[in-house]
Amino acid sequence: MKTFEYQAFDAAGRVQKGLLEALDIKQAREKLSRDGLLAEKIAPAGELKRSLFRPAAFAVAERTIFYRELVALLGAGLPLVTALDLLIKSPDSGLTRPVLAALRDKIKEGAALAGALAIVCPTISSYEKAVIAAGERAAALNTVLGRLADFMDSQARLRDRLITALIYPAIVLSVAVAIAVGLLGFGVPRIAKVMLEVSHTTLPLLTRGMISFGHFLVRGGLPALALALSAAGLWWRATKRDPERARNFNRRLFALPVIGRGYAMLVSLRFARTLSLLLNGGVSLVEALPLAGEATGSSWLASQVAMEAEAVRHGRNLAEMLRRIAPFSSLAGWVQVGEASGELAPLLESAADRLEQQWDRFLTRRMSVLEPILILIIGVFVLLVVLAILLPILTLNQRLR
10 MKTFEYQAFD AAGRVQKGLL EALDIKQARE KLSRDGLLAE KIAPAGELKR
60 SLFRPAAFAV AERTIFYREL VALLGAGLPL VTALDLLIKS PDSGLTRPVL
110 AALRDKIKEG AALAGALAIV CPTISSYEKA VIAAGERAAA LNTVLGRLAD
160 FMDSQARLRD RLITALIYPA IVLSVAVAIA VGLLGFGVPR IAKVMLEVSH
210 TTLPLLTRGM ISFGHFLVRG GLPALALALS AAGLWWRATK RDPERARNFN
260 RRLFALPVIG RGYAMLVSLR FARTLSLLLN GGVSLVEALP LAGEATGSSW
310 LASQVAMEAE AVRHGRNLAE MLRRIAPFSS LAGWVQVGEA SGELAPLLES
360 AADRLEQQWD RFLTRRMSVL EPILILIIGV FVLLVVLAIL LPILTLNQRL
410 R
């Protein structure tokens, strides 16, 4: 029996969705018909096409929760299939229910958990598959899944902190642009027009300059900005599709002032944390290195690590390898001590904790400088607009006296 996902209509025309077990789609359709449902869509669990506006099932956050729940159930002594059955029946499973059902079916057919996850969830990361596979080989799946969930939580916190730090500047800039367009494109010109009609005199230089800038902003600036954003989007898509261009772009990021240093901290932190997870999960160093390189999110670093991994395979130590890759040079000392003491994974975890603290301080300091600068720029702009409006009024007042 296989599990199928369906979308059907009942006698009242209401949409009904759910799962059912059947030998094939034909039998599933017959079962729905006997229940008074008219099938619209039927597909193997996890394969039913979804709306573009619905959130993706089994995203990173949902997988993290799934791993934690599985750890609790396996720790209670339940077999894997029974644990999946309980999760499928849970009222909180929501969108993940079809994926979990497909996962259970694959495991019933004899697939390992790592292989089944790769089939039903193609977006799963390579390091997740490697860690889970190593845990299954070592009969330590429960322990490995717990570490994997902790790791994914730490990565989510890191990503959330970065997004939170960027939200405030983005909102301030958006409001500033909206105010600029409103005041310079419509407010100042209208007030200036009234002043000209009343006084019949030349407007002050600042007012004329603001009016000219407003005309440029409305007539040429906004279309130019839209064109620039479209061009940037097309360039970004082309860069992502061309591996060589993507690697060159990633490499140049490290050379940027301020941003390059923060980016190097971030990728070093991801590399150390992922490599520690893989080694603790039983993955060999040579196999773990390329996976940790991919987890950095930098295609250039991933290619560098993959090349250097071959040297490690032939006897070069890891610390020497990291010294040859500039963004990872700060990890070399920790790794050298770890290799000498035989405690590489714990020291990598300690290095990741230290790098995370440094990155937090770096981000906090830069944001604390950026925020007052943005406020100062907006304040100066508002002052200029106010002066551009007041100067003609003051000039007219003097003439009337």
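Each residue of the sequence shown is one higher than the one before, starting from 10 at the first, in this note's numbering.
The beta-carbon is built from N, C-alpha and C at its ideal position, and this holds for glycine as well.
All values derive from a computational prediction rather than experimental measurement.
Please report the straight-line C-alpha distance between residue 280 and residue 128, rounded to a whole angstrom.
Residue 280 and residue 128: Cα-Cα distance of roughly 26 Å.
CB-CB under 7 Å to residue 400, same chain, minus the five flanking residues each way: which ones, in chain order?
Same-chain partners within the cutoff: 213, 215, 216.
I'd like the list of long-range same chain contacts for residue 174, defined as Cβ closer than 6 Å, with 5 residues on each side in sequence excluded.
Leaving aside the five residues that flank residue 174 on each side, the residues in its chain whose CB is nearer than 6 Å to its CB run, in chain order, 372, 376.
Check whether the Cβ atoms of residue 162 and residue 283 sit closer than 8 Å, and answer yes or no.
Going by C-beta atoms, residue 162 is not nearer than 8 Å to residue 283.
Which class does residue 131 belong to by DSSP, given the choice of helix, strand or coil?
In the three-state reduction of the DSSP assignment, residue 131 falls in the coil class, being assigned neither a helical nor a strand state.
Hey, how far is the Cα of residue 276 from the Cα of residue 98?
In a straight line, the C-alpha of residue 276 is about 39 Å away from that of residue 98.
Euclidean distance between Cα positions of residue 243 and residue 68
Whole-angstrom Cα-Cα distance: 26 Å.
Assuming residue 348 and residue 327 are in contact, meaning their beta carbons sit under 8 Å apart, how far apart are those beta carbons, in whole angstroms?
A Cβ-Cβ distance of about 6 Å is found for the pair residue 348 and residue 327, placing them in contact under the 8 Å criterion.
Among residues of its own chain, excluding the 5 on either side of residue 94, which ones have a beta-carbon nearer than 8 Å to its beta-carbon?
Once the five neighbours on either side are set aside, the close Cβ partners of residue 94 are 113.
Is the stretch 381-393 touching the stretch 305-313 in the sense that three or more CB pairs, one from each, lie closer than 8 Å?
Using a Cβ-Cβ distance cut-off of 8 Å, the stretch 305-313 and the stretch 381-393 are not in contact, since fewer than three pairs of beta carbons, one from each stretch, lie closer than that value.
According to DSSP, what are the bridge partners of residue 328?
Checking the DSSP bridge columns, you'll see residue 328 has no partner listed.
How many angstroms separate the CA atom of residue 232 from the CA atom of residue 186?
For residue 232 and residue 186, the gap between their C-alpha atoms comes out near 14 Å.
Report the residue ranges of all alpha helix (DSSP H) runs contained in full by the stretch 57-116; include only those spanning at least 4 residues, in chain order.
With a minimum length of 4 residues, the continuous alpha helix (DSSP H) runs that stay inside the stretch 57-116 are 69-84, 89-98.
Distance, Cα to Cα, residue 63 vs residue 16?
Caution is warranted here: a pLDDT of 46 is assigned to residue 63, below 50, making its placement in the model unreliable, and no coordinate value can be reported.
Looking at the ligand MG, does it come within less than 7 Å of residue 323, judged from the CB to the closest heavy atom?
You won't find the ligand MG in this model; it holds no ligand whatsoever.
Per-residue burial, residue 106 [other beta carbons within 10 Å of its own, 16 or more giving buried]:
Around the beta carbon of residue 106, 16 or more other beta carbons lie within 10 angstroms, which makes this residue buried.
If you drop the 5 nearest sequence neighbours on each side, which residues of the same chain put their C-beta closer than 7 Å to that of residue 273?
Once the five neighbours on either side are set aside, the close Cβ partners of residue 273 are 263, 336.
When the Cα of residue 13 is compared with those of 20, 28, 338, 138, which residue comes out closest?
Checking every option, the nearest Cα to that of residue 13 belongs to 28.
Buried or exposed: which applies to residue 76, given that a residue is buried once 16 or more other Cβ atoms fall within 10 Å of its Cβ?
When all chains shown are included, residue 76 counts as buried.
Considering Cα atoms alone, identify which of 89, 320, 109, 52 is closest to residue 71.
Nearest C-alpha to residue 71: 109.
Quick check: residue 197 and residue 219, are their CB atoms within less than 8 Å of each other?
Yes, the pair counts as a contact, with Cβ atoms nearer than the cut-off.
If distances are taken between C-alpha atoms only, which option among 251, 194, 285, 53 comes closest to residue 115?
Residue 53 is the option with its Cα nearest to residue 115.
Is residue 289 near residue 156, with beta carbons less than 8 Å apart?
The Cβ atoms of residue 289 and residue 156 lie closer than 8 Å to each other.
Top-ranked residue by Cα proximity to residue 3, from 403, 387, 365, 381
In the structure displayed, the chain extends from 10 to 410; residue 3 sits before or after that span and is not available.
In the DSSP assignment, what are the bridge partners of residue 13?
Looking at the DSSP output, residue 13 sits in a beta bridge with 29, 53.
In chain order, what residues of the same chain have a beta carbon less than 8 Å from the beta carbon of residue 60, not counting five sequence neighbours either side?
Note that residue 60 has pLDDT 43, beneath the 50 cutoff, so the model's placement of it is unreliable and no number is given.
How many Å lie between residue 172 and residue 83 at the Cα?
In this structure, the CA atom of residue 172 is about 35 Å from the CA atom of residue 83.
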